[in-house]
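Note sheet for the following structure.
2 protein chains.
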Amino acid sequence: MSNTKPRRAPRKAPAERSAELAQATRSIALEQGLSAITLRNVARRAGVAPGLVAHYHPSVEMLVAGTFSSIVAAETEEVAALVAGTGTPQQGLSLLLETLLDDRRLDVTAVWVEAWSLGRRNETLASSVREQMDAWQAVIRDLVAAGVASGDFSAPDAESVAWQILGMVDGLNAQALVRWNGVADRHTHLARAVEAIVGAAPSSLLPAAAPGSDR
Amino acid sequence: MSNTKPRRAPRKAPAERSAELAQATRSIALEQGLSAITLRNVARRAGVAPGLVAHYHPSVEMLVAGTFSSIVAAETEEVAALVAGTGTPQQGLSLLLETLLDDRRLDVTAVWVEAWSLGRRNETLASSVREQMDAWQAVIRDLVAAGVASGDFSAPDAESVAWQILGMVDGLNAQALVRWNGVADRHTHLARAVEAIVGAAPSSLLPAAAPGSDR
DNA sequence: GCCGTTATTGATCAACTGGCCAATAACGTG
DNA sequence: CACGTTATTGGCCAGTTGATCAATAACGGC
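Protein sequences appear in the order of chains A and B.
The letter at position 182 of the first sequence is residue 166 when you use this note's numbering, and the numbering goes up by one with no holes.
The letter at position 66 of the second sequence is residue 50 when you use this note's numbering, and the numbering goes up by one with no holes.
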């Protein structure tokens, strides 16, 4: 009753308020897209006045770029950590492909695709996009290089092959964004394609056999 | 001197004016993106008053969707015709991959990527996107099916494989949009990957040998 | 407890958007 | 030649956007 109209947001430490705004902005980007990041939208979700958002982020362009980086960097680190816990390079690469094709990451894919477009008019964002693409490529490249070192892969150029794999994954995900239920066996086909370009043995990148079949 | 201020655009036949507006809109989309399609932008480029654009296109949403379809359908037909003129399925598929990775088509790729994002808020556009993706997939699917029929390919599911190839190509192109000079040997890697998923002989999809080497 | 610092507000501004419409003028049919 | 049709205009409206700023109020050091 009494707080149906909270006239003024409680004063908070800048670090705390800044974190709140960042979280509000991230959730908007994931739910409605990067282009839904406006001073008023962010302010409404955070429960503050529009001017306060501008106070913390004098430029919306930078807020968009920072939010993009925050979202995708978190995913990169998460997947990299996941893959780092596996044994052989084949298992690592297989798990990486399986994870990236997971439908639950479609919201992040949407952010990627929108960033590619918006980067055309927002140079700050474009720079962030290139940075984050480099980070992704490095994860894959290291994995491929490890496989080459162990003799499991035979790709002569891990750098180039990593870009190629990244591009394929992005394309398949973007496609799933529009035609979510179109393709069957995405993972199987992708695994075969990746085996070919990294020079891995056929079927060596297919998902681990069904649980219980080898025990 | 006399025509520095043409007060009024000459009255033209509706079909002619409509074609002019369509051309103006297409050029804007290719140069500045689909989101630059506004009543005033189109009017300025066509040399008419903003109201006239609204007169011919009561809904901007539909104008955007129509322009998207016009641009990408032209490309699909062009490439389909090009491929239809080749001999074997291998040659056709190889030429298709080579053509689609051509840097000169980046402006069309940008339109594709933006359409994927804008389709989220423009249902008319989203519908057009699905339609044009289907058209692309059909071209590839027929090519793969022809190869299976001739015994050159062994893909069990041309439908699914075609979607996969389309996704890969789109992803690599979108990547080139941002990192235009990043990857070397894009075509070679892609050809290997496609050979694997269509079940073609190794190197059978590489570009035709250097002129003179086999003659 | 006083006071400077600053977090927070809400209004305002210019610039843009799509859509609408009365007025104008050029065309083709009669 | 007259007249109805309609291509074309330009202004208007309500909505959105990012940015700015004076006013307010809460915090923390003294």
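Note that beta-carbon positions come from the ideal geometry of N, C-alpha and C, so glycine has one too.
Given the structure is predicted, the values throughout are model-derived calculations rather than measurements.
Cβ-Cβ distance between residue i and residue j below 8 Å
i: V95/A; j: L18/A; result: yes
i: R170/A; j: M117/B; result: no
i: T51/A; j: L66/A; result: no
i: G131/B; j: Q159/A; result: no
i: R10/A; j: Y40/A; result: no
i: V178/B; j: L79/B; result: no
i: L23/A; j: A6/A; result: no
i: L156/B; j: D91/B; result: no
i: D136/A; j: Q74/A; result: yes
i: T60/B; j: A119/B; result: yes
i: S134/A; j: A168/B; result: no
i: A142/A; j: A129/A; result: yes
i: I12/A; j: A20/A; result: yes
i: A180/B; j: R176/A; result: yes
i: L174/A; j: V97/A; result: no
i: A49/A; j: N106/A; result: yes
i: A(-3)/B; j: V32/B; result: no
i: R29/A; j: A8/A; result: yes
i: E45/A; j: T108/A; result: yes
Closer than 9 Å at the beta carbon, the chain B residues around residue i
i: L150/A; result: G155 and Q159
i: R125/A; result: Chain B residues near R125/A: none, gap ~12 Å exceeds 9 Å.
i: A185/A; result: Chain B residues near A185/A: none, gap ~12 Å exceeds 9 Å.
i: G17/A; result: S101, R104 and R105
Per-residue DSSP class, three states only, for residue i
i: H41/A; result: coil
i: A180/B; result: helix
i: I12/A; result: helix
i: D210/A; result: The displayed coordinates of chain A run from -15 to 199. Any statement about residue 210/A would go beyond what the structure contains.
i: T51/A; result: helix
i: I149/A; result: helix
i: V32/A; result: coil
i: S2/B; result: helix
i: L190/B; result: coil
i: G17/B; result: coil
i: S138/A; result: coil
i: T22/A; result: coil
i: R170/B; result: helix
i: A57/B; result: helix
i: R(-8)/A; result: coil
i: A(-3)/B; result: coil
i: A185/A; result: coil
i: G69/A; result: coil
i: G103/A; result: coil
Partners in chain A for residue i, counting only beta-carbon separations shorter than 8 Å
i: H173/B; result: S144, V145, Q148 and I181
i: D169/B; result: D141 and S144
Residue span of the alpha helix (DSSP H) that contains residue i, given as start and end
i: D118/A; result: E107 to S134
i: T83/B; result: P73 to L84
Listed by chain order, chain A residues near residue i by CB distance under 9 Å
i: W120/B; result: Here the premise fails: no neighbours, minimum Cβ distance about 11 Å.
Neighbouring residues, chain A, relative to residue i (Cβ below 7 Å)
i: R89/B; result: Neighbours of R89/B on chain A: none; closest Cβ ~15 Å, over 7 Å.
i: R176/B; result: A180 and I181
Per-residue contacts from residue i into chain B (C-beta, under 8 Å)
i: V162/A; result: W100, G103, A110, V113, R114 and M117
i: A64/A; result: Correct list: empty, because the minimum Cβ distance to chain B is about 19 Å.
Chain B residues whose Cβ lies nearer than 7 Å to that of residue i
i: V97/A; result: V97, W100 and S101
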